[in-house]
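Next comes the structure, spelled out in structure tokens:
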């Protein structure tokens, strides 16, 4: 591109030539190149992350645990029930049903895809990484409903398959089946759930990876300030932010209950309504939206975010383009990764 | 205010009366009341923080340590050298001179005032609280230049005054003079450095605490998006953010070196140029600005922030009003608190 500009410039200098159609192309290309450069300064492709490959034995064990309903009190749910790998790591429910009949969570289940790229886990950011996160739902009475760590460890110790898998993954330990190793292995499995999408190709320099409309949407996404929070490799997941900076969120989301967010665990007035900024990868497939799944429609979600966080009324064109841009964030994982290991073995 | 509106409303209903001057006043008051309500949803006065009063013996010990040059290798500096309580907790230098001749820090010394209200410490947020922070500079060769924890502990053990003060503050411990207790006591002292300013009065409901111009500035501060990061009780200090969201910061700050921020300790591509969002209390007195003290003028700092973080050219009126608003964030601490205890005793 720079070479092309130089040639055009030289042409002008040497021959005083002027070709409108050429100029137009250059301008357009310039704008596109600027957009790419801007995007590259705000986001990173997954390939740039230089992540340590997790140990395949731990991943294999983690995958079994992820799909195993033994990890719930009555055997009614597995991690995959709420974080279904066949539907982009979510169950598309507002709140997810728990193991015990009639129980239900109180915050929307976020996708496990790309969660390993985030700086914190849970809607209030209370866990540092996917390993720490994995332990939470297992012991939660309205989720996996396991009484305590010991109950689960003892249960798994009775299964020959797990005796084998834990020995393979943690063979250097005297007593490999521990709660810590359970969550560690689930985390290892989650660390491979980071598929690349078209937006990664774009960030790597392939300008054709995004359509014109998607590029317009990317530009609106940048210019309207979404990137203040939704930046980095996961387009979010890096910080906590007040949901409803300019207006009470529940007025716009029509939430049934007012969730106080971080305040619930910190008891600090200044933490009211602070939630983790969710990552946006695969967003077109992870409805319903927000911490309480209060909004089903993605365009409406974009509109509400403009109002709540920037106090602007995004135009319909902007909303439409931004929503189109989100299509480029879609990324699936190979069938063999998302297939339950128990299906294979049965 | 609501009562007044009701009366006016009733008046209109019952008598069809219309008094233009009254309506105007109501409208203006409405706008002012809305601004206050908006501000109250974004910021908190210090009085709302419900903070635990630190133990007075620890505070007293911490104050001695804060002012004591024994806490540096050659005895050339104390905490107060860079965080001078007589000049709003800073030294107004770009970078601060260290204990060893010719040494100098590489990031601007932030104020200790109100630091205890922040969620993290240091420009890269690497310490969780003021206690953890206090240990950093003491052992840094270009700051206090103490070789190791033991050196300092042994040094203080030889001082009768400290034998007394540590015994008072940590008398329940067998060996009260430890490095941990040194930093703990300094932190306790810093926890009382949270003076209230006029903006606190305003947030408590006193609309006259701010001038008209300051209120205009507050409104611009909110409407132009500064509050996305500068919110809460400290108007910042809650999160890390990329400095230079829309443009490379060094182009605008004319920084001599490019500091990579959080990346330096995390080695993650997505952490490049992320710094802690500084709190803005006492900002009119804490020049020069930014992590590298690259800009002296506050109005210019505001202008640059608009450009870098929101990609807007703030009007001169907006800059002027926002800068005026910052005056209301000024708060001093009583003379007896900021006077060196060694002056008293000598």
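Protein chains in written order, with this note's numbering: chain A, 194 to 539; chain B, 194 to 539.
Note that CB positions come from ideal geometry on N, CA and C, so glycine has one too.
What's the call for residue i, buried or exposed, on a 16-neighbour Cβ count within 10 Å?
| i | result |
| --- | --- |
| residue 531 of chain A | buried |
| residue 467 of chain B | buried |
| residue 297 of chain A | exposed |
| residue 257 of chain A | buried |
| residue 390 of chain A | buried |
| residue 383 of chain B | buried |
| residue 490 of chain A | exposed |
| residue 401 of chain B | exposed |
| residue 444 of chain A | exposed |
| residue 234 of chain B | buried |
| residue 350 of chain A | exposed |
| residue 435 of chain A | buried |
| residue 413 of chain A | buried |
| residue 223 of chain B | exposed |
| residue 527 of chain B | exposed |
| residue 292 of chain A | buried |
| residue 334 of chain A | exposed |
| residue 475 of chain B | buried |
| residue 299 of chain A | exposed |
| residue 301 of chain B | buried |
| residue 227 of chain A | exposed |
Who are the neighbours of residue i on chain A, taking C-beta pairs under 7 Å?
| i | result |
| --- | --- |
| residue 435 of chain B | 424 |
| residue 241 of chain B | 462 |
Express the C-alpha separation of residue j and residue i in angstroms, rounding to a whole number.
| i | j | result |
| --- | --- | --- |
| residue 290 of chain B | residue 254 of chain B | 25 Å |
| residue 411 of chain A | residue 423 of chain A | 12 Å |
| residue 358 of chain B | residue 250 of chain B | 7 Å |
| residue 225 of chain B | residue 403 of chain B | 11 Å |
| residue 451 of chain B | residue 346 of chain B | 37 Å |
| residue 520 of chain A | residue 449 of chain A | 29 Å |
| residue 486 of chain A | residue 332 of chain A | 23 Å |
| residue 441 of chain B | residue 370 of chain B | 47 Å |
| residue 375 of chain B | residue 248 of chain B | 14 Å |
| residue 336 of chain A | residue 480 of chain A | 20 Å |
| residue 415 of chain A | residue 261 of chain A | 41 Å |
| residue 246 of chain B | residue 427 of chain A | 41 Å |
| residue 536 of chain A | residue 529 of chain A | 11 Å |
| residue 303 of chain B | residue 330 of chain B | 12 Å |
| residue 551 of chain A | residue 438 of chain B | An answer regarding residue 551 of chain A cannot be provided, because it is not within the stretch 194 to 539 covered by chain A. |
| residue 340 of chain A | residue 353 of chain B | 55 Å |
| residue 294 of chain B | residue 271 of chain B | 14 Å |
| residue 386 of chain B | residue 311 of chain B | 12 Å |
| residue 377 of chain B | residue 356 of chain B | 16 Å |
| residue 472 of chain B | residue 232 of chain B | 16 Å |
| residue 274 of chain A | residue 284 of chain A | 7 Å |
| residue 430 of chain B | residue 365 of chain A | 43 Å |
| residue 453 of chain A | residue 465 of chain A | 5 Å |
| residue 207 of chain A | residue 236 of chain A | Below a pLDDT of 50, predicted positions are generally treated as unreliable, and residue 207 of chain A, at 39, falls in that range; no measurement from the model is reported. |
| residue 507 of chain B | residue 241 of chain B | 32 Å |
| residue 534 of chain B | residue 281 of chain B | 18 Å |
| residue 287 of chain B | residue 308 of chain B | 19 Å |
| residue 433 of chain A | residue 328 of chain A | 21 Å |
| residue 342 of chain B | residue 477 of chain B | 36 Å |
| residue 510 of chain A | residue 243 of chain B | 46 Å |
Cβ closer than 9 Å: which chain A residues qualify as neighbours of residue i?
| i | result |
| --- | --- |
| residue 503 of chain B | 418 and 421 |
Strictly below 9 Å CB to CB, what residues from chain B border residue i?
| i | result |
| --- | --- |
| residue 396 of chain A | Under the 9 Å cutoff, chain B gives no residues; its nearest Cβ is about 11 Å from residue 396 of chain A. |
Looking at the ligand ATP, does it come within less than 6 Å of residue i, judged from the CB to the closest heavy atom?
| i | result |
| --- | --- |
| residue 411 of chain B | Absence of the ligand ATP from the depicted structure is noted, as is the absence of any ligand whatsoever, leaving it without description. |
Applying a beta-carbon distance threshold of less than 8 Å, which residues of chain A neighbour residue i?
| i | result |
| --- | --- |
| residue 438 of chain B | 235, 420, 421 and 424 |
Determine the chain B residues that contact residue i at a beta-carbon separation under 7 Å, and present them in chain order.
| i | result |
| --- | --- |
| residue 498 of chain A | In chain order: nothing, as chain B lies at least about 12 Å away. |
| residue 432 of chain A | 432 and 433 |
| message | Using 8 Å as the cut-off, can you tell me whether the segment 265-273 of chain A makes contact with the segment 390-397 of chain A, which would need three or more C-beta pairs spanning the two stretches below that distance? | response | no
| task | Return the chain-ordered ranges of every alpha helix (DSSP H) run that is complete within the segment 453-495 of chain B and spans a minimum of 4 residues. | result | 456-459
| In chain order, which alpha helix (DSSP H) runs of at least 4 residues are fully inside the segment 263-338 of chain A? | 272-275 and 323-331
| Using 8 Å as the Cβ pair cut-off and three pairs as the minimum, do the segment 313-326 of chain A and the segment 514-533 of chain A touch? | no
| request: Pair every Cβ in the segment 490-499 of chain B with every Cβ in the segment 456-467 of chain B, then say whether three or more of these pairs are closer than 8 Å. | output: no
| 3 or more residues per run - each beta strand (DSSP E) lying fully within the segment 356-402 of chain A | none
| field | Sequence ranges, beta strand (DSSP E) only - wholly within the segment 403-457 of chain A, length at least 3 | value | 433-435
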